[in-house]
Amino acid sequence: MTVAPDPREAPPIRWGILGAGHIASRFVTAVQQHTQGQVVAVGSRDRERGAAFAAAHRIGTGHRIGTVHEGYATLVADPAVDVVYVATPHSEHREHALLAIAAGKHVLVEKAFTRNAIEAAEVIQAARNAGVFLMEAMWTRFLPHVAALREVVERGEIGDVVHVEADFGGSPPYDPTDRNFNPALAGGALLDLGVYPIAFAQDLLGTPTGVTAVGALAETGVDVESTVTLDFEGRAQAIARSSFLADTPRTAVVIGTEGRIDVDPEFYAPTTFVVTRRDGTGSRFEEPVEGGMQFEAAEVARCIAAGRTESPRVSWQSTLDVMRILDAAREQLGVVYPGE
Amino acid sequence: MALVEDPSSAPTFRWGLLGTGWIADRFARAVAQHTRAQVVSVGSRNKHRGDRFATQHGIPGTHLGYEELVSDPHLDAIYIASPHSEHREHALMAIEAGKHLLVEKAFARNAAEAQDIVDAARSKGVFLMEAMWTRFLPHVAALRAVLARGEIGEIVHLAADHGQWFEFDPEHRLFNPLLAGGALLDLGVYPISFAHDLLGIPESVTATGKLTETGVDGQVSMVLTYPGRVQATLHTTLWSKTPTTAVIAGTEGRIEVAGDFYAPTSFTVIRNDGTRWTYQREVPIGLQYEAAEVARQVSAGATESPRLTWDNTLEVMRTMDEVRAQIGLVYPGE
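See the structure below:
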């Protein structure tokens, strides 16, 4: 039984893609294949890259030719665009989100939302003042398996949650200039991968009372490995691990006094989970899902159609909470971005 | 090819059990069913419990009280399975009586007590070992071989957890500070020892935890670091049964150890090149391997096991002391 609304039933909306990279490609595919939304324009600083992206995704609808904008100023001013999807490097999210908001557009910003909480608060305030919709693209929160496991928890099936653990480790080749390892592009495993386990824990346990981070840095000064332990009011703790040094299982576990939920890899993407209860009973959740980002895209469309400026599921407060955890972790690890 | 010796090939040996609890029960069965040794005597402070235990396991002798047990001349070694808070007292008693000994984990409440026991054994010239049975299991030998071969490249990260659910009872040894209770000494010792086995002495220890109403640790999360950007993330709790799995991630692949990682189990090697294989071997109980090790070393005239040395035990104890200091857990009289 599915607990997530069908993305196909969300109202149509017109997307403008700011940044023609890998995650934008996945996003556009999900929107086109699984929602009523249309991708009408793409902006890229590299004209050829933008054109290739538009061609690959056949951007535009019917007889209209989709627009390739060189640079972002005309993309955000494009009257055919309802909402801008910001998918440039983390270091540019603030600037590009503010650009879109100033042009009166609704905005969906890729995670990590910004480099730090100060930038995040700035972007949120701008959206509030402009009366536009703004959301962090934490797509995991809209997936059917996450809705289902939250229901398991809310029904008390596993008792009180005392521990949440999740890991996300990959092994990209070391390149000091690329967005993974370059501090000028706000690189590091925390902002790229760690944001997922941290957001997962925050989703289930709320705002932590303490953040403890232990990790290691690359020669460029960004974090390549870290374990972030979160302490919460009461008995609960969470452990969030991220790494650029090794592939990890990418599983998650939600541990309660009456049982636990083991989320199969990859926990942050459409997947299955198993509930094991102390009384010996258990269950398995399995709902095959193609893509995955269509659920967040549908949420954006629904909220905008309803005149909302914020999603209750990935609220501005939640985005700030997660950003503050990342800030605290980076401070303890000694990761500082230029100009901070 | 077997990486560990068959426990039933170890010399005959005579065990005396000090304590009749859950793990003593398993130890007695492991020895009787899977080694050539015998449990010839059991000591208990409670006559009824001692007699019942002896009957259940076909043990010929019972002793009321531990002084009698350790003085029994027909024993080669004593297996100490009383509460953690009493390990030091009982170990010293057994050493004084000239007995070789195997002491249940956690070895003692802290490194100072552990040092006392080690010093006494050294002076007396008897064999002494901590009963960290995991170290002697076939799957652990096999995964150490995988690591030694470089199959997963350089180790980057180790994760291990051990949580069990216990019904809250303030008098129970798990919850009672007087009996040196808490998740760490009972359960957390396994992931810590496992990390120590594979990664050595940590450079730094960072721990946070939550205490129970009785003032022992209910949950502890630990991060240990080692030279060269290596980390271990360890977790323990007495509030829930956790996956009890372990993962060792390296630059060329990883090993995923199925639950319960510290008991006979399987593991899967997943390499970055896409290949994977699974180690699987049926092993009943598991404690027979440590029992066999004791018999072999004693018979060879050794006073410690090269697989689990006195230094190893002290190193693990020091890590636990550091964790407890950080989470603010002090036992009465420390």
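Going line by line, the protein sequences match chains V and Y. My numbering puts the first residue of the first sequence at 1, with every later residue one more than the last. My numbering puts the first residue of the second sequence at 1001, with every later residue one more than the last. The beta-carbon is built from N, C-alpha and C at its ideal position, and this holds for glycine as well.
Taking 8 Å as the cut-off, decide whether the C-beta atoms of residue i and residue j are in contact.
i, j, result
"V/VAL83", "V/ALA41", "no"
"Y/PRO1007", "Y/THR1035", "yes"
"Y/ALA1091", "Y/GLY1021", "no"
"Y/THR1313", "Y/PRO1202", "no"
"V/ILE255", "V/VAL152", "no"
"V/ALA130", "V/VAL211", "no"
"V/GLU119", "V/ARG94", "yes"
"Y/VAL1205", "Y/VAL1156", "no"
"V/ALA87", "V/GLY291", "no"
"Y/LYS1210", "V/ARG235", "yes"
"V/ALA301", "V/ALA73", "no"
"Y/TYR1066", "Y/LEU1018", "yes"
"V/LEU333", "V/ALA213", "yes"
"V/ALA199", "V/PHE285", "no"
"Y/THR1265", "Y/THR1278", "no"
"V/GLU299", "V/SER315", "no"
"Y/PHE1166", "Y/LEU1238", "yes"
"Y/ILE1197", "Y/ARG1149", "Here the sequence assigns Asp to residue 1197 of chain Y, which means Ile is not the residue at that position. The answer is no: Cβ separation not under 8 Å."
"V/LEU108", "V/ILE124", "no"
Distance, Cα to Cα, residue i vs residue j?
i, j, result
"V/ILE17", "V/GLU296", "15 Å"
"V/PRO338", "V/ARG14", "35 Å"
"Y/ALA1295", "Y/THR1012", "7 Å"
"Y/THR1236", "Y/GLY1200", "20 Å"
"Y/GLY1181", "Y/ASN1110", "13 Å"
"V/GLU266", "V/HIS57", "26 Å"
"Y/SER1193", "V/ALA186", "37 Å"
"V/GLU165", "Y/ALA1249", "16 Å"
"V/ARG179", "Y/GLY1259", "37 Å"
"Y/ILE1152", "V/ASN182", "27 Å"
"V/LEU230", "V/LEU205", "10 Å"
"V/ARG278", "Y/THR1212", "20 Å"
"Y/PRO1083", "V/LEU326", "42 Å"
"Y/THR1214", "Y/ASP1186", "16 Å"
"Y/HIS1087", "Y/ILE1023", "14 Å"
"Y/GLY1328", "Y/GLU1322", "10 Å"
"Y/ALA1028", "Y/HIS1057", "7 Å"
"Y/ASP1169", "Y/MET1222", "26 Å"
"V/ALA346", "V/ILE158", "Residue coverage of chain V in this structure runs from 1 to 340, which leaves residue 346 of chain V outside it and unanswerable."
"Y/ILE1218", "V/ALA20", "The sequence given here has Gly at residue 1218 of chain Y, not Ile. Whole-angstrom Cα-Cα distance: 49 Å."
"Y/ARG1122", "Y/ARG1307", "18 Å"
"Y/GLN1326", "Y/VAL1220", "10 Å"
"V/ALA137", "Y/VAL1216", "41 Å"
To which residues of the same chain is residue i closer than 7 Å at the C-beta, ignoring the five residues directly before and after it?
i, result
"Y/LYS1099", "VAL1070, LEU1075, ALA1077, ILE1078, VAL1126"
"V/THR271", "HIS145, VAL263, ASP264, PRO265"
"Y/ILE1270", "GLY1253, ARG1254, GLU1256, ARG1276"
"V/MET293", "ARG26, PHE27, ALA30, TRP139"
"V/VAL222", "PHE181, PRO183, GLY187, GLY188, VAL335"
So, for residue i: in the same chain, excluding its five sequence neighbours on each side, which residues have a beta-carbon less than 6 Å away from its beta-carbon?
i, result
"Y/ASN966", "No information on residue 966 of chain Y is available, as it lies outside the stretch 1001 to 1334 that chain Y covers here."
"V/ARG241", "ASP167, THR227"
"V/VAL195", "LYS111, ALA112"
"Y/ALA1246", "ALA1160, VAL1257, PHE1261"
Who are the neighbours of residue i on chain V, taking C-beta pairs under 8 Å?
i, result
"Y/GLU1256", "PRO249"
"Y/HIS1090", "Neighbours of Y/HIS1090 on chain V: none; closest Cβ ~33 Å, over 8 Å."
"Y/TRP1165", "THR257, ARG278"
"Y/GLY1250", "ALA246"
"Y/HIS1074", "By Cβ distance, chain V contributes nothing, its closest Cβ being about 44 Å from Y/HIS1074, past 8 Å."
"Y/THR1237", "VAL162, HIS163, ILE255"
"Y/HIS1157", "GLY169, GLU225, ARG241, SER243, LEU245, ALA246, THR248"
Whose Cβ in chain V lies nearer than 7 Å to the Cβ of residue i?
i, result
"Y/VAL1118", "By Cβ distance, chain V contributes nothing, its closest Cβ being about 30 Å from Y/VAL1118, past 7 Å."
"Y/ALA1148", "Those do not exist, as Y/ALA1148 stays about 18 Å from chain V at its closest Cβ, beyond 7 Å."
"Y/SER1221", "THR229, GLN237, ILE239"
"Y/LEU1210", "Inspection of the sequence shows that residue 1210 of chain Y is occupied by Lys rather than by Leu. Chain V residues near Y/LYS1210: ARG235, GLN237."
Any heavy atom of the ligand MG within a distance shorter than 7 Å of the CB on residue i?
i, result
"Y/PRO1202", "With respect to small molecules bound, the structure shown includes none, and the ligand MG cannot be examined in it."
Using a Cβ cut-off of 8 Å, pull out every chain Y residue sitting near residue i, in sequence order please.
i, result
"V/ARG260", "SER1240, LYS1241, THR1242, PRO1243"
"V/GLY221", "Those do not exist, as V/GLY221 stays about 14 Å from chain Y at its closest Cβ, beyond 8 Å."
"V/GLY210", "THR1208"
By Cβ distance below 8 Å, which residues in the same chain neighbour residue i in space, the five residues on each side in sequence not counted?
i, result
"Y/VAL1189", "LYS1105, ALA1106, MET1132, VAL1316, MET1320"
"V/PRO288", "PRO270"
For residue i, return the contacting residues in chain Y, with the cut-off set at a CB-CB distance below 9 Å.
i, result
"V/ALA216", "THR1225, GLY1228, ARG1229, VAL1230, GLN1231"
Taking only runs that begin and end inside the segment 172-219 of chain V, name each unbroken alpha helix (DSSP H) of 4 or more residues, in chain order.
-> 195-205
Starting from the N-terminal side, write out each stretch of the beta strand (DSSP E) that is 3 residues or longer and does not extend beyond the segment 1050-1132 of chain Y.
-> Listed in chain order, they are 1061-1064, 1077-1080, 1100-1103, 1128-1130.
Contiguous beta strand (DSSP E) assignments of at least 3 residues, all confined to the segment 238-313 of chain V | 252-256, 259-263, 273-277, 282-285
Can you give, in chain order, each stretch of the beta strand (DSSP E) that sits fully within the segment 57-107 of chain V and has at least 3 residues?
-> 67-70, 83-86
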